[in-house]
Each structure stands twice: as structure tokens, then as C-alpha cells.
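When we follow full-length UniProt numbering, the leftmost residue of the sequence shown carries the number 1, and every step to the right adds one. Note that the Cβ used here is the ideal one computed from N, Cα and C, for glycine as well. Treat the numbers as computed from the prediction; the structure is a model and nothing was measured. Below: the structure, in C-alpha cells.
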Amino acid sequence: MAFRAYGEVQQRTAGPKEIELSLFRQITEALEAVAAAETPPLEAWADALYRNQQLWTIVATDLVNPDNTLPEETKRNLVSLSQFVRQCSNRVLAGNDGIADLIDINKSIIAGLSGIPVSTVTEEAA
1 MAFRAYGEVQ
11 QRTAGPKEIE
21 LSLFRQITEA
31 LEAVAAAETP
41 PLEAWADALY
51 RNQQLWTIVA
61 TDLVNPDNTL
71 PEETKRNLVS
81 LSQFVRQCSN
91 RVLAGNDGIA
101 DLIDINKSII
111 AGLSGIPVST
121 VTEEAA
């Protein structure tokens, strides 16, 4: 009961950046779980890819909103990245690619939202 109440308070007090960060972390963990599984069920693959694509679609939609205050160059770069994520997801679904690129992209976004230099993330991945 106390845990549920804490979760409700946390939901009410989390800002957009914290929510976005939490979603990227959850979805990236799902992608990593699928990648680590020896023979993941197709349903797990599809769900992880679908959730990731949903998130990136929401991000892209927010980026083109006139109220979005990010610098124009940042918005253009992130919209372009969302298009790459869509293309990469399609290649994964077609069996022509793995999901490592999607995981790396999400980790870079997580690092940016967390204030961690991207070079640190890429060094850890190597």
C-alpha cells in the first residue's frame, strides 16, 4: 500500500524530462533483454520494437510542436534520428539487422537526458 502511494506521488511530481528518461530506460532494458536472450520469443521482439517505435514517434511529434523550445538544429537532428530508428526497426523486423544500434541510440539519449557525456557511454559499450 505504501509503495503504491509512493508511486502515485512520484508520478505526480516527475517532470517531463524524468518521465522521458524513465521511458527510455524501461524500453532500452526490454531491448537489451531481447538481445541477451538465446532464443527470445517473437512476441518479445515485436513488443520491444513496437514500444521503442512508439516512444520515438512521440518524441518526433513533440519535436515538431511549435511550443517545443529546443534549438532548431537539435530538433532537426532528433527528428532525423527518429527516422533512422524507424528504418532500423524495419530492418530488424525483416531479419536483416540486429537491435544493437537501437540500444546504442537509446543509451546515448539516456546519457544526454542524464547529463552524462556521450563519449562515456560509447566507451562503456566498447
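- Could you give the distance in angstroms between the alpha-carbon of alanine 30 and the alpha-carbon of glutamate 72? Along the sequence shown, read from residue 1 onward, the residue named residue 30 stands at position 30. Along the sequence shown, read from residue 1 onward, the residue named residue 72 stands at position 72. In a straight line, the C-alpha of alanine 30 is about 31 angstroms away from that of glutamate 72.
- Can you tell me where the alpha helix (DSSP H) with threonine 28 in it begins and where it stops? As a first step, residue 28 must be located in the sequence shown, where it is residue number 28. Note, threonine 28: alpha helix (DSSP H), 16-36.
- Query: Can you name, in chain order, every residue of its own chain whose Cβ lies under 8 angstroms from the Cβ of serine 82, other than the five neighbours on each side?
  - Reply: In the sequence shown, residue 82 corresponds to position 82, counting from 1. Correct list, in chain order: Trp56, Thr57, Val59, Ala60, Leu63.
- Item | Segment limits, alpha helix (DSSP H) that includes isoleucine 58 | Here residue 58 is taken as the residue at index 58 of the sequence shown, counted from 1. First-last of the alpha helix (DSSP H) with isoleucine 58: 42-63.
- N-terminal and C-terminal residue of the alpha helix (DSSP H) that alanine 100 is part of: Locating residue 100 in the sequence shown gives position 100, counting from the first residue. Counting along the chain, the alpha helix (DSSP H) containing alanine 100 begins and ends at 100-114.
- Message: Measuring only the C-alpha atoms, how far is tyrosine 50 from alanine 111?
- Response: Translated into positions along the sequence shown, residue 50 becomes position 50. Translated into positions along the sequence shown, residue 111 becomes position 111. In a straight line, the C-alpha of tyrosine 50 is about 22 angstroms away from that of alanine 111.
- With a cut-off of 8 angstroms on the beta carbons, I'd call valine 92 and isoleucine 99 a contact; round off their distance for me. On the sequence shown, position 92 is the one that residue 92 refers to. On the sequence shown, position 99 is the one that residue 99 refers to. Sure, about 6 angstroms apart at Cβ, within 8 angstroms.
- By how many angstroms is the C-alpha of aspartate 101 removed from the C-alpha of serine 114? Your numbering for residue 114 matches position 114 in the sequence shown. Your numbering for residue 101 matches position 101 in the sequence shown. So the alpha carbons of these two residues sit roughly 20 angstroms apart.
- Item | Coil, strand or helix - asparagine 77 by DSSP | Against the sequence shown, residue 77 aligns to sequence position 77. Asparagine 77 falls in the helix class under three-state DSSP.
- Item | For arginine 25 and glutamine 53, believed in contact at Cβ under 8 angstroms, the rounded distance | Taking the sequence shown and counting its residues from 1, one reaches residue 53 at position 53. Taking the sequence shown and counting its residues from 1, one reaches residue 25 at position 25. Not a contact, Cβ separation roughly 17 angstroms.
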